[in-house]
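Encoded as structure tokens, the structure appears first; notes follow it.
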Amino acid sequence: NANNNGIKKKLQPTKPPESQKAATSESKYIVPENIYDRRSGETYKKLRYLGEGGFAICYEVENSRQQRYALKVVSKTTLREPKIKTKFLAEINIHRSLKHPGIVRFYSCFEDTHNAYLVLEVCENHTLARMLKQRQRLSEPETRYYLIQLLDICRFMHDNKVIHRDIKANNILLDYKMDAKLVDFGLAALLVSAEERKRTICGTPNYMAPEILYGRNGHNQQVDIWSLGILCYTMLVGTPPFHESSHDAIYQKIRNNQIMQAYTFPDNIKLSDNAKDVITSLLVNDPEKRPTIKQLLEFPFFRQDFLPAAIPVCALQRAPTEL
Ligand code: ADP
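In full-length UniProt numbering, the protein residues as written are 79 to 401.
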């Protein structure tokens with residue numbers, strides 16, 4: 079496919095523009111007000127719309143004991159496509175096996191005539207992407223706070239031989255305490271051994287690691303470390319480092335980064351040398367030359383600089399004065 083440079087993207091129908099979302103969702107999904115899980119006998123009452131991705135629509139729901147969850151709804155029409163169905167089942171298997179405070183908890187799944195449903199822990203404060211949109215960029219202490227959480231999440235996943243492969247601001251949810259929770263294991267892969275390498279080309283263009291794009295030797299957990307570099311830059315600067323108008327131009331820039339640094343730090347944004355050090359050491363094209371999670375945590379950015387005890391909810395709207 080000439081348009082996307084032969085890259086097999088996440089299997090997904092195109093997303094509707096923001097303005098058409100409500101109308102499209104209404105017609106694309108049939109979701110009753112009370113959703114009944116036949117096997118457990120539980121009924122979930124729909125409370126509010128939370129968000130929508132290419133595959134699924136999400137609602138906050140409440141069960142008969144007033145416990146609240148996020149219900150991810152995938153239409154059975156979508157699941158008729160065998161590749162999508164296989165991916166969806168893989169997502170369920172990987173996600174349900176991962177129990178960590180930084181990973182949205184998977185409780186159960188069920189189906190009715192129209193849809194398949196995932197019952198997940200609800201994150202009240204939406205996505206990090208939405209916070210970034212509102213704020214433009216985050217402060218260094220806030221970025222440090224979230225990166226430390228994400229490094230711990232990656233350590234846990236990688237110890238369990240899982241690569242997420244789609245770490246990005248849109249897939250990081252914020253719970254009621256404003257802590258990060260990773261979601262969407264639709265592209266995740268399970269490695270059978272520590273040495274195994276994956277060959278599927280997938281991801282989100284801006285966050286795609288060079289070895290996924292150009293590597294002849296497959297890829298491993300280091301792709302998640304690369305996307306943390308992209309995320310770190312994006313949180314501090316407000317735009318991704320390889321920011322171009324077309325996918326091909328993005329991929330070219332990532333390729334050029336092999337020879338010399340193909341992104342710049344904008345002059346009008348004050349960044350500490352410690353922050354720049356983290357970014358430049360993560361965005362190294364050779365995956366073997368990227369630091370390990372353990373090495374990263376030894377960087378002055380993480381060890382020496384101020385780490386907030388928590389992020390206040392008001393940080394969704396504006397930079398807290400103390401941070
Ligand atoms: P897709 O597989 O289609 O990409 P996602 O899993 O990304 O779907 O979910 C779509 C949107 O629903 C997310 O971007 C987010 O806004 C919202 N969402 C998903 N899971 C939760 C959750 N556990 N709590 C709150 N909102 C959620």
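Beta carbons are placed, not taken as given, at the ideal position from N, Cα and C, and that holds for glycine. Note that the structure is predicted; figures quoted are calculated from it, not measured.
When the Cα atoms are used, N171 and I347 turn out to be separated by approximately 42 Å. The Cβ atoms of I328 and P283 sit closer than 8 Å to each other. Counting only the Cα atoms, C187 lies some 12 Å from Y114. Taking C-beta atoms as the reference points, L206 and Y224 count as a pair closer than 8 Å.
E199 is the residue among F166, E199, N352 whose C-alpha sits nearest the C-alpha of A258. Here the stretch 175-192 does not lie against the stretch 356-370, with fewer than 3 beta-carbon pairs under 8 Å apart. Here E273 carries a coil assignment [DSSP, helix/strand/coil]. Shown here, G129 sits in a strand according to DSSP, grouped into three states. Pairing A267 with K276 gives a Cβ-Cβ distance under 8 Å. Rounded to whole angstroms, the gap between the alpha carbons of R174 and A397 is 35 Å. Exposure of R158 is indicated by the presence of fewer than 16 other C-beta atoms within 10 angstroms of its C-beta. Of the heavy atoms belonging to the ligand ADP, none sits nearer than 7 Å to the Cβ of D115.
Boundaries for F384: no alpha helix (DSSP H) harbours it, and the DSSP string shows neither H nor E there.
Excluding residues up to 5 positions away in sequence, E218, P219, R222, S350, N352 lie with their Cβ nearer than 8 Å to the Cβ of D383 in the same chain. Considered as a whole, the stretch 310-364 harbours 325-334, 351-360 as its complete alpha helix (DSSP H) runs of no fewer than 4 residues, in chain order. With a cutoff of 8 Å on beta-carbon distance, G281 and D244 are scored as near each other. DSSP lists no bridge partner for C392.
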